[in-house]
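Since the structure comes first, as structure tokens, the remarks are kept for the end.
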Amino acid sequence: MKKLLILFITIFFLTGCYNYTELSDLSVVSSILIDYKDEYLFSVEIYEDEETKIINGSGNTLADALNDIYNKSNKTIYLAHLNAILFTKNVNIDEIILYFLRNPDINNNFYLVQINNTDIYSKENIGESIKYILDKKKYPNFFNIASDYINNTKDILVPFYKDKKINAYALYKNNNFINIIEEKDADVLNIFLNIDNQNIYTKCDGGYFVVNIDSSKTKYKINKDINIDVTVYGSISEYNCKLNTMKAGDINKLEGYAKKEINKELTFLINSLKENKIDTLGLNTKIKNKYHKLDKEFYQYDISVETNIHIFKKGFLLK
Amino acid sequence: MDFLNKINKDYKNVSDLVIKNIKKLNIIYLETLADQDKINDYILKIIPKSNIPKDIKKLIPSPNIKDIKKYDDLLLYLNTGFTIIINDKQVIAVETKANLNRSIDKPTTESTLYGAKESFVENYQVNVGLIKRRIKSNALKNTNISIGRYSKNMCSCFYIEGVCKEELVNEIKKKLAKIDIDGITDISEIKKYIVNENKNFFPALKLTERPDMCEDALLKGKIVILIDNSPYALILPAFLADFINPISDNFEKSINVNFIKILRFLCFFMAIFIPSLYIAVTTINQETVPTSLLINFQNQRMDVPFSALMECLLTLIICEILRESDIRFPSSYGSAISILGGLVLGEAAVSAGIVSPIMIIVASLTFISSMIFTDIDIINGIRYWRLLFLFIASFYGLYGIGLALIVLFINISNYEVLNYPYFYPLSPFDLNYLKETIIKAKNNKRSKLLSKNRIKGDL
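Here the protein sequences come in this chain order: A and B.
Residues in the first sequence are numbered from 860 upward in steps of one, following the working numbering.
Residues in the second sequence are numbered from 41 upward in steps of one, following the working numbering.
Dropping the structure here:
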């Protein structure tokens, strides 16, 4: 009994927070939308039964704006289940990263997403659907982006949400918004970043075929020049060629076509990144890691791309 | 004749004492304890037809006749159903006990799928027979000690010589001999004279109604105590693992039964900390629950006016009341309890908004997990720890549960019963005993803690 008493007394002294909150007193936040027009404008999407509730707030600083929302809510705003932070290009990304990194109540697997239209909230839970999409494709989350920002390892890419889908990136250089990379460029960039499930359209004898990328691996070899070795594993999802996929020789021919196509796209993208001096692949950091100094920037190197493709899972085929 | 006068004096107001005088022989018995037919066959039909020899033992055709020298012995035999025959020079006791026993029945509290289907009864001789029938060896020793000033219960300490440690036997014998009380109604009463029971909330000694459990314990080097008028045997020393995994499932295939054995350990911990885990994750560590589950919990809790802790305590207390009334209530009325408990308290409490459905699931899971154990004492021990975990979780959440778990482990591993560590064979670790209790595996050695004779089959 004495031991128990000592234990109880000790834990009162050794622990700090007594944060007992009833579940019914919590407002579980799904997503936060941040915009800036003369002041910070916050919209918080809250889980409520099967729908969501939006609370708006504003303030001169991010803390003021969030405080405004705390005051407007009749329950405790609970950020530990946050799915996404959505922000417009009017807000400085570094302010968001630094503010939310400091917040101890936040979880560590939500996503940072850029939007161009603030009128996106409806009855549907936007935060949850964004998290679902990004989880599925294994996009970098808030902490991956914050880590790149703090360590300055590469130019930041933030997923860009538009028309209820995410297939573009907002590109940042030195924490300044540069441009939106979308459509084909974003797909090709995803091959470099090993974010899978892209479709590669390739022409062949008498038609075309589409390779769906199941997984990809990227290796960087840095010597006098930089050699990027991309290995792609894919399957044929659409087929309209004369070659017979049941024959091993013909499959090799198809792999040759696809390899040529992917290599062309990857080389084009890398040249364009080199021209614009944008280091989204973190090549400068890789050079630094190898030589422990950065004598030459990555764009001063010759960069070549080598692609290997392995097509498997031919499916139930007739030809 | 001196004894006869003493008996007349001592049994002045005892209504069932019968004294007959035939051919100068005084025949004395208690008619409630003695069998009239046996008295007729062995004594009353024989004596009138015969000449009385010098040694009256030669006259009586009974297989069990005792010479009596002391008056105290005479009283003991008379009070146990013997018939006393007194002449001028000799006093003898003839066994004429009436059969006041029920027949051997199926075990009711320790049921098993396979294995023996018999349990101890109140008769001491039958119980001894059930054990001796299983171990047909002269190495099986027992020492009889009479306990109780008035009840004079026959208590017997069984052990296998050469397997059980002598020191333990001597210690137990000493402890039993020291017991000085008026009477014992059940074997569980002598537990407190052997160990300090209240040192820990978990049971210190194992009670069993199954003779096969006793056999297993004796072969492992343990001691079994039987007592007159009690249908239970006491096994000592007992370890926590013996309560969680009794041998009753050892008759099944080992590859399958090991899953059940590990599941039981899981249930032991589940029964302790499911309610506290629920309190911790819903009131303090909400971040640990998947979002969809949290929202589900939140929707269910929305209409409940009480705090989660109060709701949990309320449900657990109701379940305890239900369990207690279910044990005490005659089984013929049992269905009323099920209907009241299951339908009225479960369904109606949720509809009335007193408790949330998830709380009913938590309480049911907790109680089902604890019902796996057959010993009521371990269920009660779990209940104490469950409440402790619950309170600490409501203050400190998962961190508190972690702390309480450390305290639980310290408590169990620090506890010693008769100088044997309670958390054995996990701490101190013993692979041989582990293979016999925590899991079922091939093992040809006895535990080093229980026996000096390590090799099995070398009896």
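Backbone N, C-alpha and C fix where the C-beta goes; we use that ideal spot for every residue, glycine too.
These numbers were taken from a predicted model, which means no experiment stands behind them.
**Item:** Reduced DSSP category for Glu1120(A) - H, G, I as helix; E, B as strand; rest coil
**Value:** Three-state DSSP puts Glu1120(A) in a helix.
**Request:** Answer yes or no: does any C-beta atom of chain B fall closer than 7 angstroms to that of Asn833(A)?
**Result:** No answer is possible for residue 833(A): it lies beyond the span of chain A, which begins at 860 and ends at 1178.
**Message:** Could you tell me which whole beta strand (DSSP E) segments of length 3 or greater appear in the region 102-171 of chain B?
**Reply:** DSSP runs (the beta strand (DSSP E)) wholly in the region 102-171 of chain B: 105-107, 122-126 and 131-135.
**Coarse secondary structure for Ser1074(A), derived from DSSP in three states** = In the structure shown, Ser1074(A) sits in a strand (DSSP, three-state: E or B).
**Opposing strand residues paired with Phe1019(A) [DSSP bridges]** = DSSP lists Gln973(A) and Ala1027(A) as partners of Phe1019(A).
**Message:** Less than 7 angstroms between the C-beta atoms of Ile1054(A) and Lys996(A), yes or no?
**Reply:** Yes, the pair counts as a contact, with Cβ atoms nearer than the cut-off.
**Asked** Given that Asn339(B) touches chain A, what residues does it touch there, using C-beta distances under 8 angstroms?
**Response** Chain A residues near Asn339(B): Asp908.
**Item:** Reference Tyr1008(A); option with closest CA among Asp953(A), Ile1025(A), Asp908(A) and Asn949(A)
**Value:** Comparing Cα positions, the closest option is Asp953(A).
**Request:** Starting from the Cα of Glu476(B), find the closest Cα among Met253(B), Thr322(B) and Val384(B) and give me that residue.
**Result:** The residue with the shortest Cα to Cα distance from Glu476(B) is Met253(B).
**Request:** Please name the residue, chosen from Ile418(B), Thr328(B) and Ile287(B), that lies closest to Tyr937(A) on a Cα-to-Cα basis.
**Result:** Out of Ile418(B), Thr328(B) and Ile287(B), Thr328(B) has the C-alpha closest to the C-alpha of Tyr937(A).
**Prompt:** Name the chain B residues that come within less than 9 angstroms of Glu904(A), Cβ to Cβ?
**Reply:** At a beta-carbon threshold of 9 angstroms, none of the residues of chain B lie near Glu904(A); the nearest stands roughly 12 angstroms away.
**Prompt:** In chain order, what residues of the same chain have a beta carbon less than 7 angstroms from the beta carbon of Asp498(B), not counting five sequence neighbours either side?
**Reply:** Confidence in Asp498(B) is poor, its pLDDT being 48 and thus under 50, which makes the residue's placement too unreliable to answer from.
**Asked** Is the region 404-421 of chain B close to the region 308-318 of chain B, with three or more CB pairs under 8 angstroms?
**Response** Judged by Cβ distances under 8 angstroms, the region 404-421 of chain B makes contact with the region 308-318 of chain B, as three or more pairs qualify.
**Request:** Report buried or exposed for Glu249(B), applying the criterion of at least 16 other Cβ atoms within 10 angstroms of its Cβ.
**Result:** By the 10 Å Cβ count, Glu249(B) comes out buried.
**Item:** Proximal chain A residues relative to Ala348(B), where beta-carbon distance stays under 8 angstroms
**Value:** Simply Glu881 and Leu882.
**Request:** For Ala939(A), return the contacting residues in chain B, with the cut-off set at a CB-CB distance below 7 angstroms.
**Result:** Within 7 angstroms Cβ-Cβ: Gln326 and Glu327.
**Asked** What alpha helix (DSSP H) runs, 4 residues minimum, are completely inside the region 1041-1109 of chain A?
**Response** Qualifying alpha helix (DSSP H) stretches, in chain order: 1042-1051.
**Message:** Less than 7 angstroms between the C-beta atoms of Glu158(B) and Ile144(B), yes or no?
**Reply:** With respect to Ile144(B), Glu158(B) sits close: the two C-beta atoms are nearer than 7 angstroms.
**Asked** Is the beta carbon of Asn325(B) less than 7 angstroms from the beta carbon of Leu438(B)?
**Response** Yes.
**Message:** With a threshold of 6 angstroms on Cβ separation, who are the neighbours of Ala348(B) within its own chain once the five nearest residues in sequence on each side are excluded?
**Reply:** So the list reads Ile319, Thr322 and Thr323, once near-sequence residues are dropped.
**Asked** Can you tell me where the alpha helix (DSSP H) with Ser1006(A) in it begins and where it stops?
**Response** Here the alpha helix (DSSP H) through Ser1006(A) covers Phe1001 to Asn1010.
**Item:** Interface residues of the region 959-984 of chain A facing chain C [CB-CB below 7 angstroms]
**Value:** The displayed structure is made up of protein chains A and B, and chain C is not among them.
**Asked** Is any beta-carbon of chain A found at less than 7 angstroms from that of Ile335(B)?
**Response** Yes, Ile335(B) counts as interfacial toward chain A.
**Beta-carbon neighbours of Leu945(A), restricted to chain B and to distances below 7 angstroms** = Those within 7 angstroms of Leu945(A) in chain B number zero; the least Cβ separation is about 17 angstroms.
**Prompt:** Leaving out the 5 sequence neighbours to the left and right, which residues in its chain are closer than 6 angstroms to Asn919(A) when beta-carbon positions are compared?
**Reply:** Answer for Asn919(A): Glu898, listed in chain order.
**Message:** So, under 8 angstroms CB-CB, Glu351(B) and Val395(B) are touching, yes? Tell me the CB distance rounded to an integer number of Å.
**Reply:** About 5 angstroms separates the Cβ atoms of Glu351(B) and Val395(B), confirming a contact at the 8 angstroms cut-off.
**Item:** chain A within 7 angstroms of Asp498(B), Cβ atoms only
**Value:** Note that Asp498(B) scores 48 on pLDDT, short of 50, meaning its location in the model is unreliable and no value can be drawn from it.
**Asked** Relative to the C-alpha of Ser902(A), which residue among Phe1171(A), Gly986(A), Lys1021(A) and Asn966(A) is closest?
**Response** When each option's Cα is compared against that of Ser902(A), the closest is Gly986(A).
**Message:** Pull the bridge partners of Val329(B) from the DSSP assignment, please.
**Reply:** In DSSP, Val329(B) forms no bridge with anything.
**Item:** Distance CB(Ile974(A))-CB(Tyr1020(A)) smaller than 7 angstroms
**Value:** The answer is yes: Cβ separation under 7 angstroms.
**Request:** Kindly indicate if chain A contains any beta-carbon less than 7 angstroms away from that of Met342(B).
**Result:** Yes, because at least one Cβ of chain A sits closer than 7 angstroms to the Cβ of Met342(B).
**Asked** With Ala939(A) and Asn962(A) assumed to form a contact (beta carbons below 8 angstroms), what rounded beta-carbon distance in angstroms separates them?
**Response** Between Ala939(A) and Asn962(A), the beta carbon gap of about 10 angstroms keeps them out of contact (Cβ cut-off 8 angstroms).
**Message:** Can you look up Lys485(B) in the DSSP assignment and give me helix, strand or coil?
**Reply:** In this structure, Lys485(B) counts as strand in the three-state DSSP scheme.
**Asked** Can you name, in chain order, every residue of its own chain whose Cβ lies under 8 angstroms from the Cβ of Ser90(B), other than the five neighbours on each side?
**Response** Excluding sequence neighbours, Ser90(B) sits near Leu99.
**Request:** In angstroms with no decimal places, state the Cα-to-Cα distance between Leu216(B) and Asn184(B).
**Result:** Distance between the alpha carbons of Leu216(B) and Asn184(B) is about 10 angstroms.
**Request:** Check whether the Cβ of Thr331(B) lies closer than 7 angstroms to any Cβ atom in chain A.
**Result:** Proximity of Thr331(B) to chain A, defined by a Cβ-Cβ separation below 7 angstroms, is satisfied.
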